[in-house]
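First to last, the sequence lines map onto chains P and E.
Position one of the first sequence corresponds to residue 1 (the working numbering), numbered consecutively onward.
Position one of the second sequence corresponds to residue 103 (the working numbering), numbered consecutively onward.
For glycine and all other residues, C-beta sits at the position ideal for the given N, C-alpha and C.
Note that this is a predicted model, so its numbers are computed, not measured.
Written below as structure tokens is the structure these notes are about.
Number of protein chains: 2
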Amino acid sequence: MSEVELCPRLSKAMDLIGKRWTGLIIYQLLDGPKRFSEMESALPVSGRLLSERLKELEKEGVVARKVYEEAPVRVEYTLTSKGEGLKAAIDGIEQWSKVWLS
Amino acid sequence: MSEVELCPRLSKAMDLIGKRWTGLIIYQLLDGPKRFSEMESALPVSGRLLSERLKELEKEGVVARKVYEEAPVRVEYTLTSKGEGLKAAIDGIEQWSKVWLS
């Protein structure tokens, strides 16, 4: 039996996390809720692409979008429990990068 | 200062691991050395693409290619120490996928 047959979930997880910017978006949010503008200024990514990635992560239930009815309206992105669950994986990648990448 | 400025290595690590098939190739090799044909039959990927990914991982120092001078010649792929270092990250992704993906 193939690995992919054994591990369709692992395959899906790799595709989800591995998509360009997705890991770094989650990494940012592990630090706490962020406004769209904060994330945009912290990543060398267009607003359009960041918005697309955030929508994908919302659809996957990894990120939640919270609207605060203030003036002006404040919108924040935060990790759900599913998103927080990625902490060990992201930490593992970060630790590895510190040891092995120059 | 941006996250990417703070974490160029994390960004590079995400790009490396996130590339399609790369994570699953490393996952397979965490189980032990594999011949090319074993990996090819275990992943729904063309031989050409698998070969390309393995060459990239060799170049990054994550995978080593060992040639055994038998008849016929046997070629095996194995993780280097740098590759083994990804175990925690891959385990983290696998655990998360078991809990959160259906």
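- The shortest C-alpha to C-alpha distance from Trp123 (chain E) to any of E:Trp202, E:Trp198, E:Gly149, E:Gly163 is the one to E:Gly149.
- If you draw a straight line from the Cα of Phe138 (chain E) to the Cα of Glu178 (chain E), it is about 7 angstroms long.
- In the three-state reduction of the DSSP assignment, Ala190 (chain E) falls in the helix class, which pools H, G and I.
- For Lys161 (chain E), no pairing in a beta bridge is given by DSSP.
- Under a criterion of Cβ atoms nearer than 8 angstroms, no residue of chain P is adjacent to Val165 (chain E); the nearest Cβ is some 13 angstroms distant.
- Interface with chain E (7 angstroms Cβ-Cβ cutoff): Leu54 (chain P) is excluded.
- At a cut-off of 7 angstroms, the C-beta of Lys168 (chain E) has no neighbouring C-beta in chain P.
- As summarised for the region 118-183 of chain E, the continuous alpha helix (DSSP H) elements at least 4 residues long and confined to that stretch are 124-132, 138-144, 149-161, given in chain order.
- Considering only P:Lys87, P:Leu101, P:Leu86, the residue with the shortest C-alpha distance to Gly187 (chain E) is P:Leu101.
- Among the residues facing chain P, Gly185 (chain E) is not included, as its CB has no counterpart in that chain under 7 angstroms away.
- Taking the CA atoms as reference points, Gln95 (chain P) sits about 22 angstroms from Thr180 (chain E).
- Leaving aside the five residues that flank Ile119 (chain E) on each side, the residues in its chain whose CB is nearer than 6 angstroms to its CB run, in chain order, Gly125.
- Across the structure, Ile26 (chain P) and Ala42 (chain P) are spaced so that their CA atoms are roughly 13 angstroms apart.
- DSSP places Leu10 (chain P) in the helix class (H, G or I) of the three-state scheme.
- For Leu50 (chain P), same chain residues with a beta-carbon under 8 angstroms away, outside a window of 5 residues either side, are Trp21, Ile25, Phe36, Met39, Glu40, Leu43 in chain order.
- When the beta-carbon positions are compared, Gly194 (chain E) and Ala89 (chain P) come within less than 7 angstroms of each other.
- The three-state reading of DSSP puts Ser199 (chain E) in helix, counting H, G and I together.
- Contact annotation: Gln28 (chain P) and Lys34 (chain P) have beta-carbon atoms nearer than 7 angstroms.
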